[in-house]
Amino acid sequence: MPELPEVEIVARSLAAQVVGRKIVMLEKLDWERMVETPDLPDFCALLIGRTILGVGRRAKWLLIQLDAGWTLAVHLRMSGNLIVYGPAQPVDQHTHLVLGLDDGRRIFFTDARKFGRLRLLDPAGIAHLDAAYGPEPLDSHFTSSHLAALLAQRRTKLKPLLLDQGFIAGLGNIYANEALWIAQLHPLLPANQTPAQHVPALHAAIQQVLHTAIQNQGSSLRNYRNSYGEAGHNQEHFHVYDRAAQPCERCSTAINRIVVGQRSTFFCPQCQRLG
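In this text, residue positions in the sequence shown follow my numbering: the first is 1, and each later residue adds one.
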């Protein structure tokens, strides 16, 4: 958390506020380990004076496109938020990066658990990052037949496979659970045993849960906020995630919770039968 929908919402809300603005000051950076590349002195020197040209996303990375060919890649991880504030906003103990803009506003990177990471990348670095991830599930090239070909090559169980960023980019625990419930597929079904007639349903379910979450401004379970500091409300529409022992919306059977790959997994034992 956050997953693809939340990062997409952050990208859109940040772009609406900062595109065209210049970074004139690095006011605070007190957790040096968050900077993965380049070395910290180069990171600071290269970042100051850059103009923000656009904001996008790849997988769960937020990509802030700067002039001179640089891109600031931000991974929010478990508890990170990127929020734009006015000049009077106080800096608290969980704010580990503050970027001053030329209009007096500031971008705060808050991260209570300090898992977030920053990379300042040139075009080669962006290409390397892009190559590390699988297809984007909302891309027009990600078709049902494409998904079928990917599944046929893998024996891994469906739930952990959907979380594999090299298989499909951006999916996380929440939306993998939700998509499998919609498609009526058991999370422990080996991928290459997915019935052919169920693949289009899984493809449609993946896109449906992501589009719905984006429309609902993301899922705010704990820390997530968009770049205006606003919470999402998609958590109000979960079908199975975090609903253990509650009745299935389709058949009223109690939702089960198991642990798969150290992640909580929720499913309906009646609607999502194994085999």
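Each residue gets a CB set at the ideal place from its N, CA and C atoms; glycine is no exception.
State the DSSP-derived secondary structure class of Y85, mapped to helix, strand or coil. strand
Check whether V18 and I126 have beta carbons under 9 Å apart: No, Cβ-Cβ distance for V18 and I126 is not below 9 Å.
For M25, list the residues DSSP reports as bridge partners. G100
If you reduce the DSSP assignment to three classes, tell me which class N223 lands in. coil
Within a Cβ cutoff of 7 Å, which residues of the same chain sit near V240, ignoring the five residues on either side of it in sequence? N177, E178, W181, I255, F266, F267 and C268
Cβ atoms of I48 and V55: under 9 Å apart, would you say? no
By how many angstroms is the C-alpha of R273 removed from the C-alpha of H146? 25 Å
Taking the runs of the alpha helix (DSSP H) that are 4 residues or longer, which of them lie wholly in the segment 151-210? Annotation note: the segment 151-210 contains the following uninterrupted alpha helix (DSSP H) runs of length 4 or greater, listed N- to C-terminal: 158-163 and 173-183.
Please classify H128 as buried or exposed, where buried requires at least 16 neighbouring CB atoms within 10 angstroms. The residue in question, H128, is exposed, as its Cβ has fewer than 16 Cβ neighbours within 10 Å.
State the Cα-Cα distance for the pair L188 and A16, rounded to the nearest angstrom. 41 Å
At least three beta-carbon pairs within less than 8 Å, the segment 8-15 to the segment 206-226: Yes, since at least three Cβ pairs between the segment 8-15 and the segment 206-226 fall closer than 8 Å, the two stretches touch.
For the alpha helix (DSSP H) holding G125, just list the boundary residues, first then last. P123 to A131
For D42, name the three-state secondary structure that DSSP assigns. Three-state DSSP puts D42 in a helix.
Taking the alpha helix (DSSP H) that S13 belongs to, which residues open and close that run? L4 to V18
Work out the CA separation of N234 and W212 for me, nearest whole Å. Residue 212 is actually Thr in this sequence, not Trp. Their Cα atoms are separated by approximately 8 Å.
Give a yes or no on whether the C-beta atoms belonging to A191 and K60 are separated by under 9 Å. no
Buried or exposed for H237, please, with buried defined as at least 16 other CB atoms from any protein chain shown within 10 angstroms of its CB. Counting the other Cβ atoms within 10 Å of the Cβ of H237 gives fewer than 16, which makes it exposed.
Where does N256 sit, in a helix, a strand or coil, going by DSSP? strand
When DSSP builds the beta bridges, which residues end up paired with V74? L62 and L118
Residues sharing a beta bridge with F108, DSSP: The partner list for F108 (beta bridge, DSSP) reads I83 and V98.
For E36, count the other beta carbons within 10 Å of its own beta carbon; 16 or more makes it buried, fewer makes it exposed. Which is it? exposed
Cβ shell of T253 (< 8 Å), same chain only, five flanking positions each side left out: P247, C268, P269, Q270 and C271
State yes or no: is the C-beta of I9 nearer than 8 Å to some heavy atom of the ligand SAH? Absence of the ligand SAH is noted for the structure shown, with no ligands found whatsoever.
Do the segment 67-83 and the segment 108-119 make contact, defined as three or more Cβ pairs closer than 8 Å? yes
Excluding the 5 residues flanking D130 on each side, which residues of the same chain have their C-beta closer than 7 Å to its C-beta? R58
If P144 and V199 are in contact, beta carbons under 8 Å, what's the gap, nearest whole angstrom? Looking at the sequence provided, one finds Ser at residue 144 rather than Pro. The beta-carbon separation of S144 and V199, rounded to 6 Å, stays under the 8 Å limit for a contact.
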